[in-house]
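Each remark here refers to the structure printed beneath this line.
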Amino acid sequence: MIKLYLPKTWFVVFLLLGSFQAWSQTRVTGKVTSEDDGTALPGVSILEKGTTNGTVTDVNGEYAITAGDNATLIFSFVGFTTQEIPVGSKSSINVVLTTDVIALNEVVVVGYGQQEQKDVTGVVAAVNAENFNKGAIVSPDQLITGKIAGVQILQNSGEPGGQSSIRIRGGTSLNASNEPLYVIDGFPIDNSAFNPGGLASGRNPLNFINPNDIESFTVLKDASAAAIYGSRAANGVIIITTKKGKSGAPEVTYDGWFSVGSIAEKLEVFSADQFREIIAAKAPKHLGRLGTANTDWQDEIYRTAYGQNHSVTISGGTEKFGYRASVGHQDQEGIIRTSDTKRTSFSMSLNQRLLDDDLSITVNLKGSRTHDRFSPLVVGPAMEMDPTQPILDPTSPWGGYFVWRNDAGEYERQATINPVSSLAMVQELGSTNRSIGNIQLDYNLPINGLSANVNLGYDIANGDRERFQPSNYFAVAADTGEIKIENYSRLSQLVETYLNYKKNFEGIKSKLDVIAGYSWQNFNSKYPSLRATRLTDNSYGVNNPSIANKVEAFNSVLENRLISFFGRVNFTYNDRYILTASLRRDGSTRFSQQNRWGVFPSAALAWRVIDEGFMSGLQNTFSDLKFRIGYGVNGNQEIGDYLYIPSYSPSTSTAQYQFGNRFVTTLRPNGYDSNLKWEETSSFNVGLDYGILKGRVYGSLEFYKKNTKDLLFERTVPSGSNLTNIILSNIGEVENTGIELTLNTVAISNANLTWNVSVNAAYNKNEIVALDGSDDPNFKGYEVGGISGGVGNNVQILKVGQPAYSFYVYKQKYGADGAPLVDGEDHNEDGQTNLADMYEDVNNDGAVNDQDRRPFHQRAPKVLLGLSSSVNYKNFDLSFTLRSNLGGYIYNNVASNTANLSRANDNFVPRNMVTSVLKSNFKNPQYFTDYYIESADFLRMDNITLGYTANEILSNKVKLRLYVTAQNLFLLTDYSGLDPEVSSGSGATLAPGIDNNVYPRSRTFIFGLNVGF
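Using the working numbering, the first residue of the sequence shown is number 1, and each one after it goes up by one.
Structure follows, in structure tokens:
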């Protein structure tokens, strides 16, 4: 049961405020109709501004309300523009509401300020709270998944609170970050996730924000819009604006939901009986090692996951002062046992106008404490573990869990780890405290139209990751018990100031908006760590007190600074011709003196065709028509610190130096390139904004081309030429070309029913156009994309003329039955077995060898599609978001690693396999065949929500909404793995587009409640 407790004194205050009336009151009556067809509108909300006094229209659109003489009535209804009308001495007020379809005068957030939508020249897409995705939202970026053309939000795993990646118009970098810059209430945050080496995956950098506190997302997609942020805007900018207090009586709202999630799909592996049959047929030598149990190891690691979220908000204010404060708590279990995330958050905003409204002060403060428990990597072991073996073994010294043993009774190092023992015996915890705050002062100077803005802020975070592994835990990689603690603390400080000059030229219907400013931001980070181990005697996994313990401690301290000068001019002539030009000069301490400063310009033009005289006869057809063109240059400096100078780092525990009986951790040199410089992305965009049928259909069409030069990449250098054989250097150029379409429609809008539909589509082509060394005829490119299986195996490549991270494999041969030709058989009857029996001779040189591996398909989707629908019928609402990716491919590393019969005939112990091995019949692993390159096309129902709203509780003083949501309801795909969208991109060695041992997504049902007083 969910209860909301309020102090009695607050209850009395609310009653007094709700019952307060002006001394002189007037009874006002009237009728509300629709502009479109003149029909009456029942259910329209009428509220006396600044009070809780209100009513709604009846079935005939008529209403009656008693209000003060100086009152203002607010008329609002879903799908129509809200109107405010002063009462004065009027006793009858009839209102005609217009359809709210496209608000050209709507103010949108841009870099360092705001603009009216009609004056925007760049590609700026905004999604507000009304249109957010619903459901069990842990990370704020999930609010806009599928909502914006060309914006791909990649959830790297289904782990609650896990990292996600956002790509705006495709990736522009190879080694530097491809993530956008986040600006939260004017503060550019450090969005790097804490991901300590050797521990589990990092967390989403936006986790500290309560999604209920967010008012809008604004995405700056092209360079003309984003260049004002210079060296951090190559991958776009996402501006997050949180909710603020508004004029009116205090309002208290409660939002809460309860969720139930379960695994959407499991990997198809052999059951215990099927496994016995496989062993009997393929590896009879192991029959004696099989057990008598029937264990579904996947069932043992998964669970039904429950979650809850509660948030209480109070807001209100006067015409000169607004306030809002909220407290939230979220507790979300993961579908893998032991994994969960808990977050308690606080947010406060104050806005005050002083000195005859010449001074505006805005204060934003957010804080959160997050606790996480991480599950070990058990998806792979649960798939591989022999299903005939039991979970527990009373004779086992390894915690009482079954462990494979050799003939000597010692644990078998090469065997699969019991996944249930991993979940029970390994504890890995994390906690994060984060606070971000800023104060902005905007003052109108004595010169008419000139104002000064000062923004002072901080972003502080500290946390830790702890792992405990007992010495009687069976682990193939070590003979040690372990305690590992890795802490971090980060502080970012911001000082920004700019002047803003605005001037209207009434005679020529023109206006000028100019800003010029300075920015200073400093970043400090510390990463202390401690690792304590207790060695064992390498027999039975039990402790031997005679073996010494070992403690290692390290601390890394990093600092970098960014200093910037920026300016922008926006000039509108005759209300229809718009010019925007911006320039930013950035200096970053991440580069040497000769490469420290970069200049990032942009320019854009817009022509409001709809306002031309020759369009006067077409304005019943067109409600908006604006042509835009823009060009700009952005940078990317997200590469890490001290990479241009010699530096040293501690060696690993396996590379220590022995002094007598002691092993000492040494310092080893890191590679560096003193000539490192910015990655620069130049972007050209042509766009068209349109609105037809009186604005019932509206949207935009975009064409863009982005070129990123001086790509940063970790390349191999000749031995002896540097401190290591791999350094980060500028090596080449990549190009992204694409088209985007946004289509919004008001399909139905009448008194009882409104239906809005939004469609977005984006096509992106990625190609590497230059790489160092590509003029060498023997240069094949850079192999990347490490996989699980073998040592140093890569299945992707960077090659000129190909998409980045194309798969690099052999072309598989197939038999008459459509099955792949298997290894170890002389299919071409040349008297020997070799690669030619399985793979095509692609270059036709008469032999099949490494020269016949070729780039094959791209990992990233070529087409992104999104469909959102929202239906309101009287008090009911139904909304959903469908999303599709087309044209991308994925490497099924689960199958390539396990779908081979040698696993049954392993020299150590038999391992389970995915059932697709019966289709391929491979005898041994075949990592480099295109057989495992599968289409990643899919159609996913991200979320669907049904709600009911009651506004007539306690004389309209209480609003109540109940809703139910389903997330990840269905997935349509031909991919044979669990999910074509979840990939191993968060790992240290595995690249996106490779599926192996990832945390699967859940199918979740949410039951929610929203109450407003």
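We put the beta carbon where it would ideally sit given N, CA and C, even for glycine.
- By the neighbour-count criterion, in which 16 or more other beta carbons inside 10 Å mark a residue as buried, Pro-980 falls on the buried side.
- Of all C-beta pairs linking the segment 630-637 to the segment 673-689, three or more are shorter than 8 Å, placing the two stretches in contact.
- Excluding five sequence positions before and after Val-454, the CB atoms of its chain that fall closer than 6 Å to its own CB belong to Leu-441 and Thr-497, given in chain order.
- Using a C-beta cut-off of 8 Å, the segment 358-367 makes no contact with the segment 379-386, since fewer than three inter-stretch Cβ pairs fall below that distance.
- Sequence-distant Cβ neighbours of Ile-953 in its own chain, meaning closer than 8 Å and more than five residues away, are Lys-959 and Leu-960.
- Looking at the DSSP output, Met-348 sits in a beta bridge with Ala-325 and Leu-365.
- Following the DSSP letters along the chain, one finds Gly-430 inside the beta strand (DSSP E) bounded by residues 427-444.
- In this chain, the alpha helix (DSSP H) harbouring Trp-297 covers 297-301.
- In the three-state DSSP reduction, Phe-77 falls in the coil class, being neither helix nor strand.
- Around the beta-carbon of Asp-356, fewer than 16 other beta-carbon atoms lie within 10 Å, marking it exposed.
- By the CB criterion at 8 Å, Gly-261 and Thr-1004 fall inside the cutoff.
- The C-alpha of Leu-287 is placed about 33 Å away from the C-alpha of Gln-469.
- For Ala-762, the pairing in a beta bridge is given by DSSP as Glu-740 and Leu-864.
- Secondary structure at Arg-232: helix, using DSSP grouped into helix, strand and coil.
- Membership of Asp-459 in the beta strand (DSSP E) is indicated by the continuous run 450-469.
- Gly-993 counts as buried, since at least 16 other C-beta atoms from the protein chains shown sit within 10 angstroms of its C-beta.
- Considering only Arg-903, Asn-760, Val-378 and Phe-928, the residue with the shortest C-alpha distance to Val-809 is Phe-928.
- Where Ala-603 is concerned, the enclosing beta strand (DSSP E) starts and stops at 597-608.
- The Cβ neighbour count for Asp-830, taken over all protein chains shown within 10 Å, is under 16; the residue is labelled exposed.
- DSSP places Asn-893 within a helical segment (H, G or I) once states are collapsed to three.
- At a Cβ-Cβ threshold of 8 Å, Val-599 and Phe-627 do not count as neighbours.
- For Ile-278, the enclosing alpha helix (DSSP H) starts and ends at 272-282.
- Secondary-structure assignment with DSSP links Gly-613 through no beta bridge to anything.
- Phe-922 and Thr-915 have their alpha carbons spaced roughly 12 Å apart.
- In the DSSP secondary-structure assignment, Met-941 is bridged to Leu-882.
- Asn-448 is classed as exposed because its beta carbon has fewer than 16 other beta carbons within 10 Å across all chains shown.
- When the beta-carbon positions are compared, Met-838 and Lys-799 stay at least 8 Å from each other.
- Per DSSP, reduced to three states, the secondary structure at Lys-320 is coil, with no helix or strand assignment.
- Take the alpha-carbon of Glu-428 and the one of Ser-375: they are about 7 Å apart.
- The residue among Gln-352, Ala-136 and Ile-515 with its C-alpha nearest the C-alpha of Gly-111 is Ile-515.
- The residues Glu-783, Val-784, Gly-785, Gly-786, Ile-787 and Tyr-808, in chain order, have a CB closer than 8 Å to that of Asn-794 in the same chain once the five nearest residues on each side in sequence are set aside.
- Note that the C-beta distance between Asn-766 and Gln-858 is below 8 Å.
- For Glu-384, the enclosing alpha helix (DSSP H) has its first and last residue at 379-384.
- Spatial neighbours of Trp-297 in its own chain (CB-CB distance under 7 Å, excluding positions within 5 residues in sequence) are listed in chain order as Ala-382, Met-385, Pro-387 and Pro-419.
- Taking a cut-off of 8 Å on C-beta distances, the segment 216-223 touches the segment 109-128, as three or more cross pairs fall below it.
- Cβ neighbours of Gln-926 within its own chain (closer than 6 Å, five residues either side excluded): none.
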